[in-house]
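Please read the structure below before turning to the comments.
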Amino acid sequence: MDLPIRLLAFDTCYQQQSFHRGHDAVWIDLSDVSQSCRLCERPSLETIRTRLAGCAPAPVTFFGSNHYHYVTALLLQAIREPFVLVLFDHHADFYPPPSPDLISCGSWLRLALDELPMLRQALVLGAGRDPRTSRMARRWGDRLVMVDEQQLLHDQAVKTFLNRHIAGRPVYISIDKDVLAPGDAATAWDQGRVRLDQLTGLIRHVRSMARVIGCDVCGEADVDPLTPPDAAGQALACNERANAAILAMIDVGAG
1 MDLPIRLLAF
11 DTCYQQQSFH
21 RGHDAVWIDL
31 SDVSQSCRLC
41 ERPSLETIRT
51 RLAGCAPAPV
61 TFFGSNHYHY
71 VTALLLQAIR
81 EPFVLVLFDH
91 HADFYPPPSP
101 DLISCGSWLR
111 LALDELPMLR
121 QALVLGAGRD
131 PRTSRMARRW
141 GDRLVMVDEQ
151 QLLHDQAVKT
161 FLNRHIAGRP
171 VYISIDKDVL
181 APGDAATAWD
191 QGRVRLDQLT
201 GLIRHVRSMA
211 RVIGCDVCGE
221 ADVDPLTPPD
231 AAGQALACNE
241 RANAAILAMI
251 DVGAG
(Lines of atoms letter the chains of each structure in order from A; the text may use other names.)
(Lines give C-alpha, C1' and ligand atoms only; values in the text may rest on other atoms or scores of the structure.)
Protein backbone atom coordinates (compact mmCIF):
# COMPACT_ATOMS: atom_id res chain seq x y z
CA MET A 1 0.00 0.00 0.00
CA ASP A 2 1.37 3.41 -0.97
CA LEU A 3 2.24 5.72 1.88
CA PRO A 4 -0.12 8.64 2.64
CA ILE A 5 1.68 11.97 2.26
CA ARG A 6 0.95 15.65 2.74
CA LEU A 7 2.08 18.31 0.29
CA LEU A 8 2.23 21.89 1.55
CA ALA A 9 1.56 24.23 -1.35
CA PHE A 10 3.29 27.47 -0.41
CA ASP A 11 4.05 27.72 -4.14
CA THR A 12 3.59 25.55 -7.25
CA CYS A 13 6.78 23.46 -7.00
CA TYR A 14 5.01 20.14 -6.34
CA GLN A 15 2.37 20.74 -9.00
CA GLN A 16 5.23 20.53 -11.51
CA GLN A 17 6.46 17.15 -10.18
CA SER A 18 5.04 13.64 -10.36
CA PHE A 19 6.84 11.74 -7.55
CA HIS A 20 3.67 11.94 -5.43
CA ARG A 21 1.38 10.35 -8.01
CA GLY A 22 0.09 6.98 -6.91
CA HIS A 23 0.24 8.02 -3.27
CA ASP A 24 -2.68 9.05 -1.10
CA ALA A 25 -1.67 12.71 -1.22
CA VAL A 26 -3.34 15.49 0.75
CA TRP A 27 -2.70 18.96 -0.61
CA ILE A 28 -2.75 21.87 1.84
CA ASP A 29 -2.95 25.26 0.14
CA LEU A 30 -0.80 27.82 1.98
CA SER A 31 -0.13 30.12 -0.96
CA ASP A 32 -2.22 32.89 0.62
CA VAL A 33 -0.36 32.91 3.96
CA SER A 34 1.53 36.20 4.13
CA GLN A 35 4.74 36.87 6.07
CA SER A 36 5.73 33.20 5.95
CA CYS A 37 8.80 32.96 3.70
CA ARG A 38 12.05 32.53 5.66
CA LEU A 39 10.69 34.56 8.59
CA CYS A 40 7.21 33.66 9.82
CA GLU A 41 5.12 35.91 12.02
CA ARG A 42 3.12 34.30 14.83
CA PRO A 43 -0.33 34.93 13.26
CA SER A 44 0.86 33.29 10.03
CA LEU A 45 2.29 30.38 12.00
CA GLU A 46 -1.08 29.87 13.70
CA THR A 47 -2.80 29.88 10.30
CA ILE A 48 -0.44 27.14 9.12
CA ARG A 49 -1.01 25.20 12.34
CA THR A 50 -4.80 25.42 11.91
CA ARG A 51 -4.69 24.17 8.33
CA LEU A 52 -2.42 21.27 9.26
CA ALA A 53 -4.79 20.34 12.09
CA GLY A 54 -7.74 20.43 9.70
CA CYS A 55 -6.27 17.67 7.52
CA ALA A 56 -5.71 14.01 8.21
CA PRO A 57 -2.22 13.27 9.59
CA ALA A 58 0.25 11.53 7.32
CA PRO A 59 3.61 9.83 7.96
CA VAL A 60 5.44 12.11 5.50
CA THR A 61 5.03 15.83 4.84
CA PHE A 62 6.70 17.77 2.02
CA PHE A 63 7.16 21.50 2.67
CA GLY A 64 8.57 22.84 -0.60
CA SER A 65 11.44 25.31 -0.23
CA ASN A 66 13.77 25.16 2.77
CA HIS A 67 12.46 28.67 3.52
CA TYR A 68 9.60 26.83 5.27
CA HIS A 69 11.61 24.35 7.32
CA TYR A 70 10.21 25.95 10.47
CA VAL A 71 6.99 23.94 9.88
CA THR A 72 8.89 21.00 11.37
CA ALA A 73 8.48 22.66 14.79
CA LEU A 74 4.69 22.51 14.41
CA LEU A 75 4.78 18.81 13.55
CA LEU A 76 7.09 18.03 16.47
CA GLN A 77 4.74 19.82 18.88
CA ALA A 78 2.07 17.23 18.08
CA ILE A 79 4.20 14.25 19.15
CA ARG A 80 2.99 12.81 22.46
CA GLU A 81 5.81 10.42 23.34
CA PRO A 82 9.54 10.90 24.01
CA PHE A 83 11.46 10.84 20.73
CA VAL A 84 14.74 11.58 18.99
CA LEU A 85 14.96 13.98 16.05
CA VAL A 86 17.31 12.95 13.25
CA LEU A 87 17.88 16.07 11.15
CA PHE A 88 19.74 15.95 7.83
CA ASP A 89 20.62 19.58 7.07
CA HIS A 90 23.55 21.61 5.77
CA HIS A 91 22.68 24.34 8.30
CA ALA A 92 22.35 24.18 12.07
CA ASP A 93 18.87 25.83 12.28
CA PHE A 94 19.24 26.74 15.98
CA TYR A 95 20.23 30.39 15.60
CA PRO A 96 18.39 33.01 17.67
CA PRO A 97 15.40 34.52 15.83
CA PRO A 98 15.62 38.22 14.95
CA SER A 99 12.59 38.85 17.18
CA PRO A 100 10.63 36.84 19.79
CA ASP A 101 7.57 37.29 17.57
CA LEU A 102 9.21 35.48 14.65
CA ILE A 103 10.24 31.94 13.85
CA SER A 104 12.54 31.31 10.92
CA CYS A 105 13.98 28.52 8.83
CA GLY A 106 17.17 29.09 10.80
CA SER A 107 15.73 29.21 14.33
CA TRP A 108 13.05 26.52 14.53
CA LEU A 109 15.30 23.88 16.12
CA ARG A 110 16.17 26.31 18.91
CA LEU A 111 12.47 26.71 19.70
CA ALA A 112 11.92 22.94 19.59
CA LEU A 113 14.82 22.20 21.95
CA ASP A 114 13.77 24.96 24.36
CA GLU A 115 10.03 24.29 24.43
CA LEU A 116 9.33 20.62 23.62
CA PRO A 117 9.97 18.27 26.56
CA MET A 118 9.16 15.21 24.43
CA LEU A 119 12.15 16.03 22.21
CA ARG A 120 14.76 14.16 24.21
CA GLN A 121 17.62 14.55 21.74
CA ALA A 122 18.34 16.12 18.35
CA LEU A 123 20.99 14.65 16.06
CA VAL A 124 22.01 17.18 13.40
CA LEU A 125 23.77 15.48 10.49
CA GLY A 126 25.56 17.41 7.75
CA ALA A 127 25.89 21.00 8.95
CA GLY A 128 28.98 22.88 7.83
CA ARG A 129 31.79 23.40 10.33
CA ASP A 130 31.37 26.71 12.13
CA PRO A 131 32.89 27.67 15.51
CA ARG A 132 29.86 29.83 16.24
CA THR A 133 27.40 26.94 15.93
CA SER A 134 29.65 24.73 18.04
CA ARG A 135 29.56 27.32 20.81
CA MET A 136 25.79 27.74 20.57
CA ALA A 137 25.27 23.97 20.67
CA ARG A 138 26.64 23.85 24.23
CA ARG A 139 23.40 25.48 25.38
CA TRP A 140 21.64 22.10 25.21
CA GLY A 141 24.43 19.80 26.39
CA ASP A 142 23.99 16.21 25.24
CA ARG A 143 20.42 16.89 24.05
CA LEU A 144 22.01 18.21 20.85
CA VAL A 145 24.65 16.18 19.02
CA MET A 146 26.17 17.29 15.73
CA VAL A 147 27.85 15.33 12.94
CA ASP A 148 29.37 17.85 10.55
CA GLU A 149 29.44 17.57 6.77
CA GLN A 150 32.95 16.13 6.69
CA GLN A 151 32.15 13.47 9.29
CA LEU A 152 28.91 12.61 7.50
CA LEU A 153 30.88 11.40 4.48
CA HIS A 154 32.25 8.48 6.57
CA ASP A 155 29.30 6.16 6.15
CA GLN A 156 30.17 3.36 8.57
CA ALA A 157 31.19 5.76 11.35
CA VAL A 158 27.87 7.59 10.99
CA LYS A 159 25.94 4.32 11.21
CA THR A 160 27.85 3.38 14.36
CA PHE A 161 27.02 6.81 15.80
CA LEU A 162 23.34 6.35 14.96
CA ASN A 163 23.30 2.91 16.56
CA ARG A 164 24.37 4.44 19.87
CA HIS A 165 21.68 7.11 19.85
CA ILE A 166 18.56 5.71 18.19
CA ALA A 167 18.47 1.92 18.59
CA GLY A 168 14.97 0.90 19.60
CA ARG A 169 13.78 4.49 20.11
CA PRO A 170 10.99 6.49 18.45
CA VAL A 171 12.58 8.72 15.80
CA TYR A 172 11.32 11.61 13.70
CA ILE A 173 13.33 12.29 10.52
CA SER A 174 13.58 15.77 9.00
CA ILE A 175 15.38 16.15 5.68
CA ASP A 176 16.53 19.40 4.12
CA LYS A 177 17.82 18.50 0.68
CA ASP A 178 20.49 21.19 0.96
CA VAL A 179 22.51 18.50 2.75
CA LEU A 180 22.91 16.94 -0.71
CA ALA A 181 25.58 17.75 -3.27
CA PRO A 182 24.47 20.12 -6.05
CA GLY A 183 24.29 17.26 -8.55
CA ASP A 184 21.65 15.50 -6.43
CA ALA A 185 19.39 18.43 -5.50
CA ALA A 186 18.81 22.06 -6.46
CA THR A 187 17.83 24.17 -3.48
CA ALA A 188 17.42 27.79 -2.45
CA TRP A 189 20.46 27.67 -0.13
CA ASP A 190 24.12 26.66 -0.29
CA GLN A 191 24.55 22.90 -0.25
CA GLY A 192 26.65 20.13 1.24
CA ARG A 193 28.44 17.16 -0.32
CA VAL A 194 26.34 14.10 0.58
CA ARG A 195 25.25 12.00 -2.38
CA LEU A 196 21.66 10.87 -2.76
CA ASP A 197 22.47 7.17 -2.48
CA GLN A 198 24.28 7.80 0.80
CA LEU A 199 21.34 9.77 2.20
CA THR A 200 18.86 7.05 1.27
CA GLY A 201 21.21 4.46 2.75
CA LEU A 202 21.26 6.35 6.04
CA ILE A 203 17.47 6.63 5.99
CA ARG A 204 17.35 2.87 5.50
CA HIS A 205 19.68 2.41 8.45
CA VAL A 206 17.61 4.67 10.72
CA ARG A 207 14.51 2.78 9.70
CA SER A 208 16.15 -0.56 10.52
CA MET A 209 17.39 0.56 13.95
CA ALA A 210 14.49 2.67 15.25
CA ARG A 211 10.73 3.14 15.10
CA VAL A 212 10.18 6.00 12.67
CA ILE A 213 7.15 8.00 13.82
CA GLY A 214 7.18 10.69 11.14
CA CYS A 215 9.21 12.41 8.45
CA ASP A 216 9.33 15.67 6.56
CA VAL A 217 11.23 16.79 3.47
CA CYS A 218 12.06 20.27 2.18
CA GLY A 219 14.62 21.85 -0.11
CA GLU A 220 12.94 22.71 -3.40
CA ALA A 221 14.37 25.41 -5.64
CA ASP A 222 12.62 28.78 -5.62
CA VAL A 223 9.82 29.10 -8.16
CA ASP A 224 11.02 32.15 -10.09
CA PRO A 225 9.56 33.13 -13.48
CA LEU A 226 12.85 34.89 -14.32
CA THR A 227 14.84 31.64 -14.15
CA PRO A 228 15.83 30.50 -17.67
CA PRO A 229 13.60 27.58 -18.74
CA ASP A 230 16.53 25.17 -19.21
CA ALA A 231 17.88 25.86 -15.72
CA ALA A 232 14.42 25.62 -14.17
CA GLY A 233 13.80 22.31 -15.93
CA GLN A 234 17.11 20.86 -14.77
CA ALA A 235 16.44 21.89 -11.16
CA LEU A 236 12.95 20.41 -11.32
CA ALA A 237 14.20 17.08 -12.70
CA CYS A 238 16.98 16.92 -10.11
CA ASN A 239 14.59 17.47 -7.21
CA GLU A 240 12.02 15.09 -8.68
CA ARG A 241 14.62 12.29 -8.61
CA ALA A 242 15.63 13.11 -5.05
CA ASN A 243 12.06 13.32 -3.77
CA ALA A 244 11.14 10.04 -5.44
CA ALA A 245 14.18 8.24 -4.01
CA ILE A 246 13.60 9.59 -0.49
CA LEU A 247 9.89 8.77 -0.56
CA ALA A 248 10.55 5.28 -1.90
CA MET A 249 12.99 4.58 0.92
CA ILE A 250 10.54 5.80 3.56
CA ASP A 251 7.67 3.93 1.89
CA VAL A 252 9.58 0.65 2.03
CA GLY A 253 9.81 1.08 5.79
CA ALA A 254 6.15 1.93 6.33
CA GLY A 255 4.12 -0.30 8.55
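Read left to right, the sequence shown gives residues 1 to 255 (the working numbering).
Here a beta-carbon is modelled for each residue, glycine too, at the ideal position from N, C-alpha and C.
Keep in mind the model is a prediction, meaning the values are calculated, not measured.
Distance from the CA of I28 to the CA of P100, rounded to the nearest whole angstrom, comes to 27 Å.
When the alpha-carbon of F62 is set against those of P229, D176 and V223, the nearest one is in D176. Between the C-alpha atoms of G128 and H91 there is a straight-line separation of about 6 Å.
V158 sits away from V145, with the two beta carbons spaced by 8 Å or more. G141 counts as exposed, since fewer than 16 other C-beta atoms from the protein chains shown sit within 10 angstroms of its C-beta. In the DSSP assignment, Q77 falls within the unbroken alpha helix (DSSP H) covering V71 to Q77. Secondary structure within the segment 153-228: the alpha helix (DSSP H) runs of 4 or more consecutive residues, fully enclosed, are 155-166 and 196-209 (chain order). A distance below 8 Å separates the beta carbons of I173 and I203. With contacts defined by Cβ atoms closer than 8 Å, A235 and A221 form a contacting pair. Judged by beta-carbon spacing, C215 lies within the 8 Å limit of V60, meaning their Cβ atoms are closer than that value. Between L8 and H20, the CB-CB gap reaches or exceeds 8 Å. As computed with DSSP, R6 is found in a beta bridge with V26 and T61.
Its Cα nearest to that of H67, the residue C40 stands out among C40, P97, M136 and I79. The distance from the Cβ of V179 to that of V206 is about 14 Å, inconsistent with a contact at the 8 Å cut-off. Here D148 carries a strand assignment [DSSP, helix/strand/coil]. Per DSSP, A122 lies in no alpha helix (DSSP H) segment; the continuous beta strand (DSSP E) that holds it begins and ends at L119 to A127. In this structure L125 is buried. Its beta-carbon is surrounded by 16 or more other beta-carbon atoms within 10 angstroms. DSSP, reduced to helix, strand and coil, places E81 outside both helices and strands of the structure shown, so it counts as coil. The beta carbon of C37 lies closer than 6 Å to those of H67 in the same chain, with the five residues before and after it left out. The three-state reading of DSSP puts L39 in strand, counting E and B together. Here the C-alpha atom of C238 lies approximately 35 Å from the C-alpha atom of R135.
Here S134 carries a helix assignment [DSSP, helix/strand/coil].
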